[in-house]
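Going down the list, the protein sequences come from chains A and B. At position 61 of the first sequence the residue is numbered 105 (this note's numbering), and the sequence of numbers has no breaks. At position 104 of the second sequence the residue is numbered 121 (this note's numbering), and the sequence of numbers has no breaks.
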Amino acid sequence: MSATDERPDDGPDGPGDRPPTLPRSALLSGVALLATGLVMALAGGEAWSGVTRLVVDLGLATLVAVPILNVVGVMAIEWQRRAWVFALAAGVTLLMLALNVVWKS
Amino acid sequence: MLAGIGAGSFGALLGLGGGVFLVPMLDVGLGLPFRTAAGISLMTVVATSSFVSLDANSRRFVNPRLAVALLTQTVLGASLGRLLLPLLSDRVSGRVFGVTALVVAVVMLHRLRRRNVILDPQVPLGRLGSRFHDPDSGADVGYRVDRVPLAMGLALLAGVLSTIVGVGGGVLLVPALNSWCGVPIRAAAATSVLMIGVTAVPGVIGHYVDGYLTLPVLETSAVLGVLAGSRLGFWVGARSRVVVLKVLMAAILTAVGGVYLFAR
Numbered sequence: 045m046s047a048t049d050e051r052p053d054d055g056p057d058g059p060g061d062r063p064p065t066l067p068r069s070a071l072l073s074g075v076a077l078l079a080t081g082l083v084m085a086l087a088g089g090e091a092w093s094g095v096t097r098l099v100v101d102l103g104l105a106t107l108v109a110v111p112i113l114n115v116v117g118v119m120a121i122e123w124q125r126r127a128w129v130f131a132l133a134a135g136v137t138l139l140m141l142a143l144n145v146v147w148k149s
Numbered sequence: 018m019l020a021g022i023g024a025g026s027f028g029a030l031l032g033l034g035g036g037v038f039l040v041p042m043l044d045v046g047l048g049l050p051f052r053t054a055a056g057i058s059l060m061t062v063v064a065t066s067s068f069v070s071l072d073a074n075s076r077r078f079v080n081p082r083l084a085v086a087l088l089t090q091t092v093l094g095a096s097l098g099r100l101l102l103p104l105l106s107d108r109v110s111g112r113v114f115g116v117t118a119l120v121v122a123v124v125m126l127h128r129l130r131r132r133n134v135i136l137d138p139q140v141p142l143g144r145l146g147s148r149f150h151d152p153d154s155g156a157d158v159g160y161r162v163d164r165v166p167l168a169m170g171l172a173l174l175a176g177v178l179s180t181i182v183g184v185g186g187g188v189l190l191v192p193a194l195n196s197w198c199g200v201p202i203r204a205a206a207a208t209s210v211l212m213i214g215v216t217a218v219p220g221v222i223g224h225y226v227d228g229y230l231t232l233p234v235l236e237t238s239a240v241l242g243v244l245a246g247s248r249l250g251f252w253v254g255a256r257s258r259v260v261v262l263k264v265l266m267a268a269i270l271t272a273v274g275g276v277y278l279f280a281r
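Right under this line is the structure:
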């Protein structure tokens, strides 16, 4: 096997310079929701506390989705490259995260 | 928010996520209960990871295969951490974290000049190795990942620590990958920052379900502050020398370890 064949990927080494659209949108949405929640918490006080909590929780949940979407992206890339071991590792990670969401929730 | 900006700057700069800085700031500085500080810190770790992992400069250094190989261990460890969480007191958690921080700082300083890069493009890099353009040497460099079982064991430990003490696990992963597994510090930091957000998810869910995330003003301020600080930290990181990053990291780890071992 030549040195070229031993390269870790058949394609580019990293995930590419351009960020994927979905995680980027989730990050921006999460930040917007958290900023809105902060303004509501500071301006609205107790009267808006229920709605504020909902907005903050939604912002936190959207933000938590970003790393999960990153793993989905890696799994998709490795699947396309037919690197089954790494695609499976990403899939196992997603499964464990899903179990964490279900557990005690 | 100021604590968040500081934590985010150092977190993005060193690939740690910022939890190692924010937990002492919230716990020791603001007097919050350790578990609340840990829960908020884990949220900021997710924020830093999300922001930096989408940054074009960071993505050049990320090794996605190494990340998913180790994520199976860190997420498993973080899930085990959720089981341990109710069994450990804040004091024990803090001591464990203090010891870990000091050990990692010593290892970091011991291997200060180690850069791990392979300049010869013909050298095989193995299944987990990778290549990137190294700003320090101005050349395209490669690296192999050595001692993979050790890396996996440490990833498991990093996951457990993540949930218990509210850090992303980068505090253990970055020095370990760099000093023991042959990964250059920039690649270790970028790969770690992708991983820590995922690793923090079980801990965030655990702290949320257990009722430790109930302070919307503090949570949003810390997360937004960390996001602002991440941009600053990454800008500084791209213009810093590797040795300076390592010394800075070791100094901060020593200070944090000292606080939790001797001042708490």
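Glycine residues also receive a C-beta, built at the ideal position from the N, C-alpha and C atoms.
DSSP three-state assignment for residue i, whether helix, strand or coil
i: B/Ile22; result: helix
i: B/Val158; result: strand
i: A/Asp57; result: Reliability of the predicted coordinates at A/Asp57 is poor, the pLDDT of 49 falling under 50, and the value obtained from them is presented with this limitation in mind. DSSP places A/Asp57 in coil when its eight states are reduced to three.
i: B/Phe78; result: coil
i: B/Asp151; result: strand
i: B/Trp197; result: coil
i: A/Pro67; result: helix
i: A/Asp101; result: helix
i: B/Leu145; result: coil
i: A/Met45; result: Low confidence applies here, because A/Met45 scores a pLDDT of 37, under 50, leaving its location unreliable and the question unanswered by this model.
i: B/Ser179; result: helix
i: A/Ala109; result: helix
i: B/Leu47; result: coil
i: B/Ser70; result: helix
i: B/Asp227; result: coil
i: B/Arg52; result: helix
i: B/Gly115; result: helix
i: B/Gly94; result: helix
i: B/Pro106; result: Looking at the sequence provided, one finds Ser at residue 106 of chain B rather than Pro. Coil.
i: B/Ser257; result: coil
i: B/Leu232; result: coil
i: B/Arg99; result: helix
i: B/Val140; result: coil
i: A/Ala131; result: helix
i: B/Arg248; result: helix
i: A/Arg125; result: coil
i: B/Gly186; result: coil
i: A/Trp147; result: coil
i: B/Arg203; result: helix
Cross-chain neighbours of residue i in chain B, by beta carbon under 9 Å
i: A/Arg68; result: Leu71
Per-residue contacts from residue i into chain B (C-beta, under 8 Å)
i: A/Thr96; result: Pro233
i: A/Thr65; result: Simply none; closest approach about 10 Å.
i: A/Ala133; result: Val85, Ala86, Leu88, Thr89
i: A/Leu141; result: Val92, Val215, Val218, Pro219
Amino acids of chain A, ordered along the chain, whose beta-carbon sits closer than 7 Å to that of residue i
i: B/Gly250; result: None at all; the shortest Cβ gap to chain A is about 17 Å.
i: B/Phe68; result: Leu71
i: B/Met60; result: Leu104
Test: residue i CB closer than 8 Å to a CB of chain A
i: B/Ile222; result: yes
i: B/Gly214; result: yes
i: B/Leu102; result: no
i: B/Pro152; result: no
i: B/Pro201; result: no
i: B/Thr237; result: yes
i: B/Ser209; result: no
i: B/Ser96; result: yes
i: B/Ala244; result: The displayed chain sequence assigns Leu, not Ala, to residue 244 of chain B. By this cut-off, B/Leu244 is an interface position.
Test: residue i CB closer than 8 Å to a CB of chain B
i: A/Leu82; result: yes
i: A/Leu86; result: yes
i: A/Ala76; result: no
i: A/Thr137; result: yes
i: A/Gly55; result: With a pLDDT of 41 at A/Gly55, under the threshold of 50, the modelled position of that residue is not reliable, and the figure given next carries that caveat. It does not: the Cβ of A/Gly55 has no partner Cβ on chain B nearer than 8 Å.
Where residue i meets chain A, residues with beta-carbon distance less than 8 Å
i: B/Arg112; result: In chain order: nothing, as chain A lies at least about 26 Å away.
i: B/Leu241; result: Val75, Leu78, Ala79, Leu82
i: B/Ser257; result: Result: empty, since nearest Cβ-Cβ is about 21 Å, beyond 8 Å.
Where residue i meets chain A, residues with beta-carbon distance less than 9 Å
i: B/Ala64; result: Leu71, Gly74, Val75, Leu78, Leu107, Val110
Practice task
Output, in sequence order along the chain, the residues in the segment 105-128 of chain A whose CB is closer than 8 Å to any CB in chain B.
Solution key: Leu107, Val108, Val110, Pro111, Ile112, Asn114, Val115, Val118, Met119, Ile121, Glu122, Ala127
Exercise for the section: Scan the segment 39-52 of chain B for residues whose Cβ lies nearer than 7 Å to a Cβ of chain A and list them as they occur along the chain. Expected result: none
Exercise for the section: Select from the segment 264-277 of chain B all residues with a C-beta closer than 7 Å to any C-beta belonging to chain A, and list them in chain order. Expected result: none
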